[in-house]
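Comments concern the structure below.
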Amino acid sequence: MKKMTKIWRSEEFWIVLLSLIFLAFSYIPLVLDYLAIPPENRVFLGSYGYPPDFWGKMIIFREGRLGHWLFTHKTTTTIPTPAAIIPFEYIFLGQLSRLVPLDPLIFFHLCRLVLSLVFLLTSYLLISLVFDRKILRITAYLLTLFGTGFGASGARFIDNWSPLGIFQRGAYFPHYSLSFIFSLLVVILLSRALEEKNLKNLFQASVLGFLISFIHAPNTANLYLVLGLYSLLTIYLNWRQHRQINHWIYKIVYLGIYFLVSVLPLLYLRYLTQSYPWTLLMSGDAKFDFGRIFPKTFLISAVGPIMFLSFYGSWLAIKKKSDLALILAPWSITYIFGYLFAGKIFSFNSQRFLQTSFFVILAILSTMALNEISLKLAGKKSITHKIILIILTLIVLGTGFPAAKQSLKINTENFKWAGDSGYYTLKENLNAIRWLEKNTKEDDIVLSDKFNGSLIAALAGNYPYVNDEVNLFPDDRLKQIDNTLRNFYQQTISNAEAKKFLVDNKIRYVFWSNLERNLANGKTPDYPFLTKVFQSNQTIIFKVD
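When we follow my numbering, the leftmost residue of the sequence shown carries the number 93, and every step to the right adds one.
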């Protein structure tokens, strides 16, 4: 009995238990999807999250698996694309998968799981550096994992996408998890460098800042806002204390060095996005900008009570005056500024500021606030303080129960409503894609429906004529592509025009499945220059003579 009581009271028990609950709700639905029996003649492909996003990442992953160290966009072969070193994290994972005898999709999800574990460890490391009391560390960790908004937004699009869903944000795509991990480490290392004049920590933080800029530029933009406000706080507090400038100016110099190192990838990204198709994709991303679609009050309901608690926590952090506390304090407002304004200033989608690690810092600041409120209510009675703290924490978590329920629902449904859009596909379609993988070369361009283009690029490695990412293109360009596909598949153009189209675009194979048949109004092609080389049920691959 005493042993059980000891375990129950141990910090390690609660941290492990909370982590397991979080990981279970985040990943078990995907495991169940793999184990479930799919509809007749369908197969589960292993997709997670919004299908176009998932398959876009898998296309890059496949580039690494094919042995490439640079990424060439396979959005469409109609636009010449320069090779780029981004997104290098997916290229690297693809390269790594070549060494592991696992199905690529299984390997990809295992990488997500490993990164989630590292994220949890990094979050707890930061929390343990801020709080010296067990109950506060557990509270902060609890809010990090499960602190959320007041409820579902009521809009299916945003609820499905769920950038703030508690079972999505810490277990989403690898580049988000990596940027979370690196940004939290930057906070830790920079605070040590500034506190102790430690050049080694400054170097480590700068390297991580450099990587963050490549992986997720909005996270860098948020860090710049944080460090800018930290600099102002440092200058103001030292001025108030009448400290000589030589006692603190080195901190500004250190931050300048961090900025100079971390800004280099942003300059490269700026250069890259001036060329096609990056320019078209960046402009198309604005179509899904929540800042333009939803009212400004959306942020309040999405973030929840920790938004308001963090304001008070920031004030308490400023009063501590340590470098770590002063770096944490600005986070309560930087993501708000980023969402409302900085997206336009930095020219990217405003909700990307909600895909940063701000929720971890808000949990820490909220814990500071809850602790202070509990102390004021309890006076000097430690037991009463703990009881009040627990009650207040449960109230905060309770207000987020509807949002947590919605997040779990999205994880469980996993876009099943999307049908062919990445969740289930026909077995015969997958058989045809596997045939392409084994019997064709990467440079053999395949004509198909846009979504099948994504699957072909991700699972077979071929260049498709177009893939689903062209939906981000401006409407006039997208309409032109749609008309071209429709005219070919419906055979509303002459044989000579069709052959010229294929030859001019160096198309070697034509994919004809249920999706292409929908484009063709149920027809099967009878172009004389197409030779059937593979058929699985009604899915056919033609070779261009």
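Glycine included, C-beta positions come from ideal geometry on N, C-alpha and C.
Item                                                                                                                                                : Value
Just to confirm the assignment: which complete beta strand (DSSP E) runs, minimum length 3, are found wholly within the segment 204–237?            : none
Can you check whether the CB of Y264 is closer than 8 Å to the CB of G301?                                                                          : no
Would you report the Cα separation of L209 and I280, rounded to the nearest angstrom?                                                               : 18 Å
Less than 6 Å between C-beta atoms, sequence neighbours within five positions excluded: which residues of the same chain meet that for L197?        : G138
Would you call the CB atoms of S393 and F242 closer than 8 Å?                                                                                       : yes
Below 7 Å CB to CB, which residues in the same chain sit around E132 once its five sequence neighbours on both sides are set aside?                 : none
Contact between the segment 578–595 and the segment 610–618: three or more CB pairs below 8 Å?                                                      : yes
Start and end of the beta strand (DSSP E) containing T532?                                                                                          : Unbroken run through T532: none, as it is neither H nor E.
According to the Cβ coordinates, are Y233 and I107 closer than 8 Å?                                                                                 : yes
Let's test the definition: count the other Cβ atoms within 10 Å of the Cβ of S449 and tell me whether it reaches 16, buried, or not, exposed.       : buried
Whole angstroms are fine: how far does the CA of A128 sit from the CA of P121?                                                                      : 10 Å
What does F626 pair with, by DSSP beta-bridge criteria?                                                                                             : I633
List the endpoints of the continuous beta strand (DSSP E) containing I599.                                                                          : I599 to W604
Can you tell me where the beta strand (DSSP E) holding K517 begins and where it ends?                                                               : The residue you asked about is not Lys; residue 517 is Thr in the sequence shown. Here the beta strand (DSSP E) through T517 covers Y516 to L518.
Put V299 into one of helix, strand or coil per three-state DSSP.                                                                                    : helix
Taking the runs of the alpha helix (DSSP H) that are 4 residues or longer, which of them lie wholly in the segment 100–154?                         : 103–127
With 16 other CB atoms within 10 Å as the buried threshold, where does D541 fall?                                                                   : buried
Quick one: residues in its chain with C-beta nearer than 6 Å to the C-beta of E529, no 5 flanking neighbours on either side, listed in chain order? : A552
Less than 8 Å separating the beta-carbons of R600 and I537?                                                                                         : yes
Whose C-beta lies closer than 7 Å to the C-beta of P357 among residues of the same chain, with five residues either side of it excluded?            : F302, S305 and F306
Is V192 helix, strand or coil by DSSP?                                                                                                              : coil
Name the two residues that bound the continuous alpha helix (DSSP H) containing I453.                                                               : F450 to A470
According to DSSP, is F163 helix, strand or coil?                                                                                                   : strand
Would you mind working out which of F634, T623 and F593 sits nearest W604, comparing C-alpha positions?                                             : F634
Do you know offhand how far Y37's Cα is from W331's?                                                                                                : Nothing about residue 37 can be reported from this structure: the residues present for the chain run from 93 to 637 only.
CB-CB under 8 Å to E287, same chain, minus the five flanking residues each way: which ones, in chain order?                                         : S414, D415 and L416
Using only the alpha-carbon positions, how far apart do T170 and P130 sit?                                                                          : 36 Å
Pop quiz: L611 and G430 are said to be a contact at Cβ under 8 Å. What is the actual Cβ separation, rounded to whole angstroms?                     : The pair is not a contact, with the Cβ atoms about 41 Å apart (cut-off 8 Å).
What does T485 pair with, by DSSP beta-bridge criteria?                                                                                             : The partner list for T485 (beta bridge, DSSP) is empty, contrary to what the question assumes.
Can you tell me the Cβ-Cβ gap for A495 and T236, rounded? I've got them flagged as a contact below 8 Å.                                             : Not quite, the Cβ-Cβ distance comes to about 15 Å (not below 8 Å), so this is no contact.
Tell me which residue opens and which closes the alpha helix (DSSP H) that P310 is part of.                                                         : A309 to R332
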